[in-house]
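Accompanying notes for the structure given below.
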Amino acid sequence: KKRVVSGVQPTGLVHLGNYLGAIKNWVSLQDLYETLFFIVDLHAITLPYEAPQLSKATRSTAAIYLACGIDSSKASIFVQSHVRAHVELMWLLSSSTPIGWLNRMIQFKEKSRKAGDENVGVALLTYPVLMASDILLYQSDLVPVGEDQTQHLELTREIAERVNNLYGGRKWKKMGGRGGSLFKVPEALIPPAGARVMSLTDGLSKMSKSAPSDQSRINLLDPKDVIMNKIKRCKTDSFPGECENMNWGSFKTTLTDALIDHLQPIQVRYEEIMSDPGYLDGVLLEGSGKAAEIADITLNNFTFHSVAIKVN
Ligand code: TYM
3 KKRVVSGVQP TGLVHLGNYL GAIKNWVSLQ DLYETLFFIV DLHAITLPYE
53 APQLSKATRS TAAIYLACGI DSSKASIFVQ SHVRAHVELM WLLSSSTPIG
103 WLNRMIQFKE KSRKAGDENV GVALLTYPVL MASDILLYQS DLVPVGEDQT
153 QHLELTREIA ERVNNLYGGR KWKKMGGRGG SLFKVPEALI PPAGARVMSL
203 TDGLSKMSKS APSDQSRINL LDPKDVIMNK IKRCKTDSFP GECENMNWGS
253 FKTTLTDALI DHLQPIQVRY EEIMSDPGYL DGVLLEGSGK AAEIADITLN
303 NFTFHSVAIK VN
């Protein structure tokens, strides 16, 4: 079976972009593939944060995965920091990743320009190497993400190829190693629709957790009246698309109704899950256990190939 991994950062609230670009598609993939879905808390600390807030958001994001239909009997659901191998592999990979490759990352350039060099931690630069590690640890075939992650996925592929070439293959075999490919080179899976959901207030930006105004996004947990209000006030495209025989008024009403109908059962399940912390803990514990088993195999193999001597 092919293996699929993906994750969401627990910064702020999960919004419609995260749902349509990523989480909704994971639900159908769990029936076809071996799937692992994580909450990337270690990625969320690359910008200033408050620990209690982060821990709340991590639990909430896990509950949202479940409420959206990720099934813990099919998929492994876990918190990134619970599987230590992610950070360890990241160190090894970062030694073989040129700084130039990271300096070119659009998200790094944007975020560091906003905050200024003195306010940005080193981890903001090395963030994509941690993401590569999240993916390569599981020898993943496919990574379902929104369009904004394509550059990070391309970098992951480049790192895998470089490291395979440096430490795997025939060259290593001659020196006594087992040779072969150390990491599978993964592919991004971008959905045909919903890969780039736009901001409600700015037609040029994507919907984002970090945008200052909550009016710019629809959060999965927004109550009915908030959704109605946000859509009433939001910008619309200047040319009609699929619903071309509707005027803006009836289009917005149809959209609002469809959205509320879709999100309401998710919100009900979310409340049920959050009211049973023991259940959520169990899911996360089981998930990280299964993930660590796979991750350790890759990490041990790569450590042996790239740095360690073997002792008997
Ligand atoms: P994050 O938390 O920013 O976003 C989570 C997922 O939602 C998608 N997304 C969107 N899709 C459509 N329209 C939008 N407006 C929109 N905004 C966000 C993202 O593309 C993503 O799929 N670095 C990643 C998290 C990550 C990860 C990984 C993903 C860390 N390690 C390994 C896959 C595999 C991030 O910050 O996503």
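Everything in the sequence shown is counted per our numbering, starting at 3 for the first residue and increasing by one. Note that the Cβ used here is the ideal one computed from N, Cα and C, for glycine as well.
Subject >> 6 Å CB neighbourhood of K186 in its chain, flanking five on each side removed >> reply: Your numbering for residue 186 matches position 184 in the sequence shown. For K186, where only same-chain residues beyond five positions count, the Cβ hits under 6 Å are Q141.
Original post:
How do the stretch 15-25 and the stretch 202-209 stand: do at least 3 beta-carbon pairs fall below 8 Å, yes or no?
Top reply: Judged by Cβ distances under 8 Å, the stretch 15-25 makes contact with the stretch 202-209, as three or more pairs qualify.
Subject >> Alpha-carbon spacing of K254 relative to I229, whole angstroms >> reply: Here residue 254 refers to the residue found at position 252 of the sequence shown. Here residue 229 refers to the residue found at position 227 of the sequence shown. Distance between the alpha carbons of K254 and I229: 11 Å.
Original post:
Thinking C-alpha only, which one of L261, N166, L265 is nearest L95?
Top reply: Reading the sequence shown from its first residue, position 93 is the one you call residue 95. Residue N166 is the option with its Cα nearest to L95.
**OP:** Would you give the residue range spanned by the alpha helix (DSSP H) that S30 belongs to?
**Re:** Your numbering for residue 30 matches position 28 in the sequence shown. Bounds of the alpha helix (DSSP H) holding S30 are 26-31.
Subject >> Identity of the residue in S135, P50, R235 nearest K113 by Cα >> reply: Sequence index remark: in the sequence shown, residue 113 carries index 111 (1-based). Closest by alpha carbon: P50.
Original post:
If you measure from the beta carbon of G280 to each beta carbon in chain B, is any gap under 8 Å?
Top reply: The displayed structure is made up of one protein chain only, and chain B is not part of it.
Original post:
Okay, do the stretch 80-97 and the stretch 26-35 touch, 3+ Cβ pairs below 8 Å being the bar?
Top reply: With the cut-off at 8 Å, the stretch 80-97 and the stretch 26-35 do not touch.
Original post:
So does A310 have its beta carbon nearer than 7 Å to some heavy atom of the ligand TYM?
Top reply: As a working mapping, residue 310 is identified with position 308 in the sequence shown. False, no ligand heavy atom lies under 7 Å from that Cβ.
Original post:
Pairing CB atoms from the stretch 278-285 with CB atoms from the stretch 57-67, are three or more of them under 8 Å?
Top reply: In short, these stretches touch, since the Cβ pair count reaches three.
Original post:
Would you say the stretch 216-235 touches the stretch 263-270, given that touching needs at least three Cβ pairs under 8 Å?
Top reply: In short, these stretches touch, since the Cβ pair count reaches three.
Original post:
Which first and last residues belong to the beta strand (DSSP E) in which V6 is found?
Top reply: Taking the sequence shown and counting its residues from 1, one reaches residue 6 at position 4. Segment 5-10, the beta strand (DSSP E) holding V6.
Original post:
Quick one: does the C-beta of N20 sit closer than 7 Å to a heavy atom of the ligand TYM?
Top reply: Reading the sequence shown from its first residue, position 18 is the one you call residue 20. Yes.
Subject >> Entirely enclosed alpha helix (DSSP H) segments - the stretch 128-197, minimum 4 residues >> reply: For the stretch 128-197, whole alpha helix (DSSP H) runs of length 4 or above, ordered along the chain, are 152-169, 171-176.
Original post:
Along the chain, which unbroken stretches of the beta strand (DSSP E) at least 3 residues long are found entirely within the stretch 209-238?
Top reply: As far as the stretch 209-238 is concerned, it has no whole beta strand (DSSP E) run of at least 3 residues.
Original post:
Roughly how many angstroms lie between the CA atoms of I101 and T152, to the nearest whole one?
Top reply: Position 99 of the sequence shown, counted from the start, is the residue given in the question as residue 101. Position 150 of the sequence shown, counted from the start, is the residue given in the question as residue 152. Taking the straight line joining both Cα atoms gives about 19 Å.
**OP:** On a CA-only basis, which of R159, E160, L184 is nearest G171? Give me that one, please.
**Re:** Counted from its first residue, the sequence shown places residue 171 at position 169. Measuring from the Cα of G171, the nearest candidate turns out to be L184.
**OP:** Classify C245 as buried or exposed, calling it buried when 16 or more other Cβ atoms lie within 10 Å of its own Cβ.
**Re:** The sequence position of residue 245 within the sequence shown is 243, counting from 1. With fewer than 16 other Cβ atoms within 10 Å, it is exposed.
**OP:** State the DSSP-derived secondary structure class of L95, mapped to helix, strand or coil.
**Re:** Position 93 of the sequence shown holds residue 95. Note: L95 maps to helix in three-state DSSP.
Original post:
Say the cut is 7 Å; is the CB of D150 nearer than that to a heavy atom of the ligand TYM?
Top reply: Residue 150 sits at position 148 when you count from the first residue of the sequence shown. If you check the C-beta of D150 against the ligand TYM, you find a heavy atom less than 7 Å away.
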